[in-house]
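Mapping of the sequence shown onto the numbering used here: position 294 corresponds to residue 637, and the numbering continues sequentially without gaps.
Each residue gets a CB set at the ideal place from its N, CA and C atoms; glycine is no exception.
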Amino acid sequence: MKRYDLIIIGSGSAMNIIDPMIRANPKIRIAVVDKDEPGGICLTRGCIPSKIMLYPAELIRSMDEAEALGIDIEIKGVSYERIMKRMRSLIDKDIDSIREGLSSSDNIDYYQAQAEFTAPYEMRVSGDTISGKMIFLATGSRAIVPQIKGLDSVTYHTSDSIIRMQMKKLPASIAIIGGGYIAAEFGHFFSALGSRVTIIGRNPRLLPEEEPEVSALTKREMEKHMTIMTNHEVREVREARGRKTLVAVERESGKTAIVEAEEILVATGRGPVNDILHPEKGEVKTTKEGWIQVNEYMETSQPNVWALGDADGRYLFRHVANYESEVVYYNAVLKRKVRVDYHAVPHAVFTYPEVASVGMKESEATQMYGEGDVLIGLQRYEDTAKGEAMNAKDYFVKVILKRDSMKILGAHIIGPHASILIQEIVNLMYSSEQDARPIQDAMHIHPSLSEVVQRAFGSVMTPAEYRHVLAHDRLAPGE
Ligand SMILES: Cc1cc2nc3c(=O)[nH]c(=O)nc-3n(C[C@H](O)[C@H](O)[C@H](O)COP(=O)(O)OP(=O)(O)OC[C@H]3O[C@@H](n4cnc5c(N)ncnc54)[C@H](O)[C@@H]3O)c2cc1C
């Protein structure tokens, strides 16, 4: 049996910890095990490839809007093949350099293989048994494929197969099952490139994790380029002569809708991948859904076995996985007692329009503090000089504050550069007071979009007043 100081399963965010560990202990022996290409899902089939694909889509949509600004542009052609090849070549370069780094290190044995526990601190890898004094489980997550009659008998894609370029050419039409951020981002991508896209989601809202008015405006804008069927459940899929037919049922009325498409993408969420690992044999407890159970210090139920990233099922984002890898480093290696803190986990959806959010939603804030102690700030892009210059109609910044202290509780942005604009708010949410006043007091460059954020904090109202504004506005979720 090969013995290691540390075994790492999953070569994504856990790789952050390796260099400091080797610097601290140049003799350390580490086994890194990953059954897939090295670099983890974010690099190999998640955030990075999808965003390389989405940037051209964003350019196409911005060019569509140029006419309103006085520019006549004609896009002569868009090459799906070139966009995909560029994506592959960029990520392959990074994958190769990670493989090279893992394979050439004197401290690391790199196994491209599946790992499973055989006993506490022991694992089977490529037919060998290895043991580790310490184990980091960073196994990620996988696409959930729902039980739909006939789905098994047709060819369909998940984000994995699209990014691995198993979809050979741009489909004339694509049906996307699911209404979350992966469905919405791929819907944006394929429609911008020229496919006829139909998104079919079970939830009454597109992007159900967002504020209702953000979901509604995203749907309204995206519907200009595709069909979005919310509150519909796909019950059956059939294939004949290369055409796929999806039978969906409207969940309230029970009415049946038929969608035909050349390709199907299943984007119905992500689930645990820990069944392969057999954590029970390592006496590592899992949640009832199968995620690795961790406490506030990222420890599993087994001493010296730690889990991080998607594997714990809490927030499935790479920046959260990176943050958790730091917490594991502090606690497992430096023996500190650092608690995880998720009060300001941001995320963005790279659709057109872009969406970004951090912290509490309005309903969560009013539930926690009561309506009387919550203020809502709203500012539209178009009511600032830069927003008007950009013709950014209807897009907005919504902020949620605690009335007595002006503490920032959450923020939600829809519109150009939402993912960048929100960062100013996220940073303040990490300050000790989490006080909004520095944003109000600081000079903001005029005329820049950052003024939208500043003014949202300067135009606060009670939740009742906010509801009144929404009810008489184009932003009303019902519209
Ligand atoms: C299409 C898509 C787009 C995304 N976009 C974004 C985005 O824009 N921003 C963002 O923050 N997040 C995004 N994500 C999520 C992000 O990819 C994950 O949160 C991140 O990869 C989690 O990192 P991790 O370190 O937990 O594990 P991962 O990087 O997922 O790595 C886990 C690795 O462990 C391997 N593994 C699992 N079990 C075993 C085993 N038993 N033996 C050996 N190897 C094993 C897996 O094969 C995998 O390679 C996206 C995900 C997808 C699918």
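- In the three-state DSSP reduction, residue 766 falls in the helix class (H, G or I).
- The count of Cβ pairs closer than 8 Å, one atom from the stretch 681–696 and one from the stretch 629–647, reaches three, so the stretches are in contact.
- The residue from 617, 516 and 814 with its alpha-carbon nearest to that of residue 499 is 516.
- Residue pairing by DSSP places residue 722 opposite 740 in a beta bridge.
- Sequence-distant Cβ neighbours of residue 797 in its own chain, meaning closer than 6 Å and more than five residues away, are 782 and 787.
- Judged by DSSP secondary structure, residue 451 falls outside any alpha helix (DSSP H) and instead within the beta strand (DSSP E) spanning 451–454.
- Around the Cβ of residue 418, a 10 Å sphere holds fewer than 16 other Cβ atoms; the residue is exposed.
- Under a 10 Å Cβ-count criterion, residue 366 is classified as exposed, with fewer than 16 other Cβ atoms of the shown protein chains found around its own Cβ.
- DSSP, read as helix, strand or coil, puts residue 781 in helix.
- Contact between residue 550 and residue 527 holds, since their C-beta atoms are separated by about 6 Å, short of 8 Å.
- Judged by their CB atoms, residue 574 and residue 547 are nearer to each other than the 8 Å cut-off.
- Shown here, residue 419 sits in coil according to DSSP, grouped into three states, outside any helix or strand.
- Residue side-chain check: residue 481 places its Cβ nearer than 7 Å to a non-hydrogen atom of ligand 1.
- Within its own chain, the residues whose Cβ lies closer than 7 Å to the Cβ of residue 747, once the five positions on either side in sequence are excluded, are 716, listed in chain order.
- Ligand 1 has no heavy atom closer than 7 Å to the beta-carbon of residue 473.
- In this chain, the beta strand (DSSP E) harbouring residue 486 covers 484–486.
- Taking residue 666 as reference, the option from 350, 355, 518 and 344 with the minimal CA-CA separation is 355.
- Separation of residue 563 and residue 468 (C-alpha to C-alpha, rounded to the nearest whole angstrom) is 50 Å.
- If you check the CB distance, residue 800 and residue 720 come in under 8 Å.
- Taken through DSSP and simplified to helix, strand or coil, residue 439 comes out as helix.
- In this structure, the C-beta of residue 376 approaches ligand 1 to less than 7 Å from one of its heavy atoms.
- Exclusion of the five residues before and after residue 729 leaves 790, 791 and 792 as the residues of its chain whose Cβ lies within less than 6 Å of its Cβ.
- For residue 795, the closest C-alpha among the options 442, 514, 765 and 443 is that of 765.
- DSSP links residue 474 through a beta bridge to 346 and 465.
- Per DSSP, the beta bridge partners of residue 649 are 479 and 642.
- Residue environment for residue 615: buried (at least 16 other C-beta atoms within 10 angstroms of its C-beta).
- For residue 459, the CB falls within less than 7 Å of some heavy atom of ligand 1.
- The stretch 404–415 and the stretch 376–394 do not touch, with fewer than three beta-carbon pairs separated by less than 8 Å.
- For the beta strand (DSSP E) assignment, the uninterrupted runs of no fewer than 3 residues enclosed by the stretch 553–629 are, from N- to C-terminal side, 570–572, 575–583, 586–593, 599–604, 606–609 and 613–615.
- Here residue 524 is buried. Its C-beta has 16 or more other C-beta atoms within 10 Å.
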